[in-house]
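**Student:** What follows is a structure written as structure tokens; I'll ask about it next.
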Amino acid sequence: MKTLTSIILFLFSLQAITMAQSLQRVAPEQVGMDSRKLMYADEAIEEAIANKEIPGAVLAVVRNGKMAYLKAYGNKRIYPNTEPMTANTIFDMASCSKSMSTAICTMILAERGKIRLLDPVSRYIPGFKDWESEDGKDKKVIRITDLLTHSSGLPPYAPAAELEKKYGSPNPTGLMEYIAGCKRDFKPQTDFQYSCLNFITLQHIIEAVSGQSLRDFARENIFNVLGMNHTDYLPCQRDKNGQWVNTANSQLSTLDFQLTRVAPTEKQPNGQVLCGQVHDPLARILNGGISGNAGVFSCAEDIAVLCATLQNGGEWNGRRILSPLGVKAMRTVPRATASLGRTLGWDCFTAYASNNGDLFGPNTYSHTGYTGTSIVIDPDNDTSVILLINAVHPEDGHSVVRLRSLVANAVAASICPVPHAYTDHYYKRFLQFMDEPAITSKDIVMLGNSLTEGGGDWSARLGKKNVRNRGIIGDEVMGIYDRLHQILPGHPAKLFLLIGVNDISHDLAPDSIVDMIRMTVERIRKESPDTKLYLQSLLPFNESFGRYKKLTGKTDMVPEINSRLEAFAKEEGIAYINLFPLFTEKGTNVLRSELTGDGLHLNEDGYKIWVKAIKKKI
5 MKTLTSIILF LFSLQAITMA QSLQRVAPEQ VGMDSRKLMY ADEAIEEAIA NKEIPGAVLA
65 VVRNGKMAYL KAYGNKRIYP NTEPMTANTI FDMASCSKSM STAICTMILA ERGKIRLLDP
125 VSRYIPGFKD WESEDGKDKK VIRITDLLTH SSGLPPYAPA AELEKKYGSP NPTGLMEYIA
185 GCKRDFKPQT DFQYSCLNFI TLQHIIEAVS GQSLRDFARE NIFNVLGMNH TDYLPCQRDK
245 NGQWVNTANS QLSTLDFQLT RVAPTEKQPN GQVLCGQVHD PLARILNGGI SGNAGVFSCA
305 EDIAVLCATL QNGGEWNGRR ILSPLGVKAM RTVPRATASL GRTLGWDCFT AYASNNGDLF
365 GPNTYSHTGY TGTSIVIDPD NDTSVILLIN AVHPEDGHSV VRLRSLVANA VAASICPVPH
425 AYTDHYYKRF LQFMDEPAIT SKDIVMLGNS LTEGGGDWSA RLGKKNVRNR GIIGDEVMGI
485 YDRLHQILPG HPAKLFLLIG VNDISHDLAP DSIVDMIRMT VERIRKESPD TKLYLQSLLP
545 FNESFGRYKK LTGKTDMVPE INSRLEAFAK EEGIAYINLF PLFTEKGTNV LRSELTGDGL
605 HLNEDGYKIW VKAIKKKI
């Protein structure tokens, strides 16, 4: 029966991996965020990289259960060679392991009636010493809740080198023996002291109650359930040459076969750069990579799923890891330690919570990791900030405390009403542009609506490298204006603008359309003054095709708008390209039927005319 149960669990876990699903990517505006304000987070991170404070980072923002922002910066490795950071880079999560795994595993056991948070630790760990005053007159039991809230009185850390000499490496039993009997620094629940020993003790409770290693329990009940395929503990030990090597032999995790995606951490005295071996000395040396205080490796997309799960009351995509009340309990500071600011596994308002920033709500809870990782969750605004930094690579010494807060503030400030809502296709293209290499001063930008997007590869059409197609089907003037922040910071060499026909279909008057184009042009010239701007006339359309009803009776508006655009361009000294007469039937304002298939969009013959008209400008 035991064998059958194991097979069933294996198949369930395998199914979870197969059916994994990342959060839906959306543009920030689709979830009530301003992408322009999020660029301040970019600037803060890029400044830290430029100042050589960090090699690189990944930022992910989760809002309303969707991935609102995902971006990689700098390099994941700078020693002994350089490797660029990618959005799917896997990080040593360090102390974030406490909240991501150990605390949740503890709460799962509590929900299943296997443990009580008020149980004495000594119930599960024989020989575990409670607190006692020096004169022996006052005693107090250390309970599981005291471990979770760092109010147990256990010391912050343990002497790894000494314990290795005494017990050998790895030796989790020896480490627990030390913790069970070491000096307690204060009476439980009277003070807060962040301690890795608290969570190593929790690890042993989890393992004693479940009969599984922390790694197996976490994978079976959290990571595999949620499809966090690139999240795992990575067992390790020293080889005969003193080098740290991975020893994982997993049938269920895909991470073991993707160590090339892992961001390295610190260079060791022997010259080895840790990569896939946990950075924390106790976790690595004494616990062999599987430890309650550290050891989880994960990526932004996996962590985003976990954050969305916690924000959704413990369930995501039909898979549940905790009850809603369990989640609420985890993010609430217990009454017995209300003044200390620590929840059951997370931080709410201790001195360690500066990564929350200054703007998120009072119910925000978070955790950080020594390697540079951090997770911030604001339940009131349904927003999570995941900032992953390889801060200890190749050497320790830089602080990311301030940077974490700067990024959190920028993300929080981006939560605001969206002035305009656009089509799903608009935001799909918006995301595509976000994921493309940034525009540079060497690029030529074709900016417009479906006519521009329909041109496809403009580099091939124009016979020129670095021509970027930034057209979006259905776009309008304000749509262009609202996405200029994706273009102008790069100060492109040239920009060809053609926009306005969709605004005609929205029943806007010529004056209004021209005024919006004027405002757009003024912004381009102000924010990218070195860019050579070409303002192109609107193209005609042909009502006889009967395809676009909202353009009926509006044929003659196009030359009227063009006349005003030409006058504006002359007045401001802007290059103007009058395409209109090249496309009209002789003596009319109508698009030549042989140049279109639907009365509005161009066929290849139409694009040839357009290319010929602008090629000499390239």
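The letter at position 241 of the sequence shown is residue 245 when you use our numbering, and the numbering goes up by one with no holes.
Quick reminder that beta carbons are idealized off the backbone N, C-alpha and C, glycines included.
Here the structure is a predicted model, which is why all the values come from computation and not from measurement.
Nearest-angstrom Cα distance between Arg-40 and Arg-487?
**Tutor:** Each residue's alpha carbon lies about 8 Å from the other.
**Student:** Roughly how many angstroms separate the alpha carbons of Ala-624 and Ala-412, rounded to a whole number?
**Tutor:** Residue numbering for the chain in the displayed model covers 5 to 622; residue 624 lies beyond these limits and cannot be assessed.
**Student:** What residues in its chain sit with their C-beta under 7 Å from that of Asn-593, if we drop five residues either side in the sequence?
**Tutor:** Cβ neighbours of Asn-593 beyond the five flanking positions: Pro-544, Thr-559, Asp-560, Val-562, Pro-563.
**Student:** Using CA coordinates, which residue listed in Ala-114, Tyr-171, Glu-181 is at the minimum distance from Pro-130?
**Tutor:** Of the listed residues, the one whose Cα sits closest to Pro-130 is Glu-181.
**Student:** Please go through the same chain and pick out, in chain order, the residues whose beta-carbon is closer than 7 Å to the beta-carbon of Ser-126, but skip the five residues on each side of it.
**Tutor:** Here the set comprises Phe-132, Asp-134.
**Student:** Look at Ile-613 and Phe-587 and say whether their C-beta atoms are less than 9 Å apart.
**Tutor:** In contact: Ile-613 and Phe-587 (Cβ atoms closer than 9 Å).
**Student:** With a threshold of 6 Å on Cβ separation, who are the neighbours of Gly-610 within its own chain once the five nearest residues in sequence on each side are excluded?
**Tutor:** The residues are Leu-599.
**Student:** When you compare only the Cα positions, how much space is there between Thr-153 and Gly-299?
**Tutor:** About 20 Å.
**Student:** I'd like to know whether the C-beta atoms of Met-37 and Cys-311 end up nearer to each other than 9 Å.
**Tutor:** The answer is no: Cβ separation not under 9 Å.
**Student:** Rounded to whole angstroms, what's the CA-CA distance from Asn-274 to Ala-64? Just pull it up for me.
**Tutor:** Rounded to the nearest angstrom, the two C-alpha atoms are 35 Å apart.
**Student:** By Cβ distance below 7 Å, which residues in the same chain neighbour Val-615 in space, the five residues on each side in sequence not counted?
**Tutor:** For Val-615, where only same-chain residues beyond five positions count, the Cβ hits under 7 Å are Arg-465, Leu-466.
**Student:** What does a CB cutoff of less than 6 Å around Ser-378 pick up in its chain, not counting 5 residues either side in sequence?
**Tutor:** Same-chain partners within the cutoff: Asn-359, Thr-372, Leu-391, Arg-408.
**Student:** Starting from the C-beta of Gly-361, find all residues in its chain whose C-beta is less than 7 Å away, skip the five residues before and the five after it, and write them out in chain order.
**Tutor:** Closer than 7 Å at Cβ, skipping near neighbours: Ser-409, Ala-412, Asn-413, Ala-416.
**Student:** Spatial neighbours of Gln-193 within its chain, please: CB distance less than 7 Å, with the 5 preceding and 5 following residues excluded, ordered by chain position.
**Tutor:** Within the same chain, Gln-193 has close Cβ partners Asp-150, Ser-155, Ala-340, Thr-341.
**Student:** So, with DSSP's three-state summary, where would you put Thr-106?
**Tutor:** Here Thr-106 sits in helix by DSSP.
**Student:** Using three-state DSSP, classify Asp-384 as helix, strand or coil.
**Tutor:** Here Asp-384 sits in coil by DSSP.
**Student:** Assuming Phe-301 and Asp-400 make a contact with CB atoms under 8 Å, what is their CB distance in whole Å?
**Tutor:** Actually they do not touch by this definition, with Cβ atoms about 19 Å apart.
**Student:** What did DSSP end up calling Cys-100 once you bin it into helix, strand or coil?
**Tutor:** Residue state, collapsed to three classes: helix.
**Student:** Taking three-plus beta-carbon pairs below 8 Å as touching, is the region 200-212 in contact with the region 82-98?
**Tutor:** Touching, no.
**Student:** Hey, which unbroken runs of the beta strand (DSSP E) at 3 residues or more fall wholly within the region 228-253?
**Tutor:** Listed in chain order, the complete beta strand (DSSP E) runs (minimum 3 residues) inside the region 228-253 are 240-242, 248-250.
**Student:** If distances are taken between C-alpha atoms only, which option among Ser-105, Lys-191, Cys-240, Tyr-171 comes closest to Asn-3?
**Tutor:** Since the first and last residues shown for the chain are 5 and 622, residue 3 lies out of range.
**Student:** At which residues does the beta strand (DSSP E) containing Arg-472 begin and terminate?
**Tutor:** Element bounds for Arg-472: 471-475.
**Student:** Just to confirm the assignment: which complete alpha helix (DSSP H) runs, minimum length 4, are found wholly within the region 387-429?
**Tutor:** Taking only runs of at least 4 residues, the alpha helix (DSSP H) segments lying wholly in the region 387-429 are 405-417.
**Student:** Using a Cβ-Cβ cutoff of less than 6 Å, which residues in the same chain neighbour Tyr-552 once the five nearest sequence positions on both sides are dropped?
**Tutor:** For Tyr-552, where only same-chain residues beyond five positions count, the Cβ hits under 6 Å are Leu-604.
**Student:** Using only the alpha-carbon positions, how far apart do Leu-348 and Leu-206 sit?
**Tutor:** Taking the straight line joining both Cα atoms gives about 12 Å.
**Student:** Please classify Val-249 as buried or exposed, where buried requires at least 16 neighbouring CB atoms within 10 angstroms.
**Tutor:** Exposed, by the Cβ-count rule.
**Student:** If you check the beta carbons only, do Leu-435 and Arg-29 fall under 9 Å apart?
**Tutor:** Yes, the Cβ-Cβ distance between Leu-435 and Arg-29 is below 9 Å.
**Student:** In this structure, how does DSSP classify Leu-606 when only helix, strand and coil are distinguished?
**Tutor:** Of the three classes helix, strand and coil, the one that applies to Leu-606 here is strand, per DSSP.
**Student:** With respect to the beta strand (DSSP E) encompassing Ala-72, which residues constitute its N-terminal and C-terminal limits?
**Tutor:** Taken as a continuous stretch (DSSP letters only), the beta strand (DSSP E) holding Ala-72 covers 70-81.
**Student:** Given Leu-541, which residues of its chain have a CB within under 6 Å of its CB, disregarding the five upstream and five downstream residues?
**Tutor:** In the sequence as displayed, the identity of residue 541 is Ser instead of Leu. The answer, listed in chain order, is Asn-566, Asn-582, Leu-583, Phe-584.
**Student:** Which partner residues of Asp-351 appear in the DSSP bridge assignment?
**Tutor:** BP columns for Asp-351 point to Arg-346, Ser-370.
**Student:** What separation, rounded to the nearest whole angstrom, lies between the Cα atoms of His-495 and Asp-46?
**Tutor:** Near 17 Å, if we compare the C-alpha coordinates of Asp-46 and His-495.
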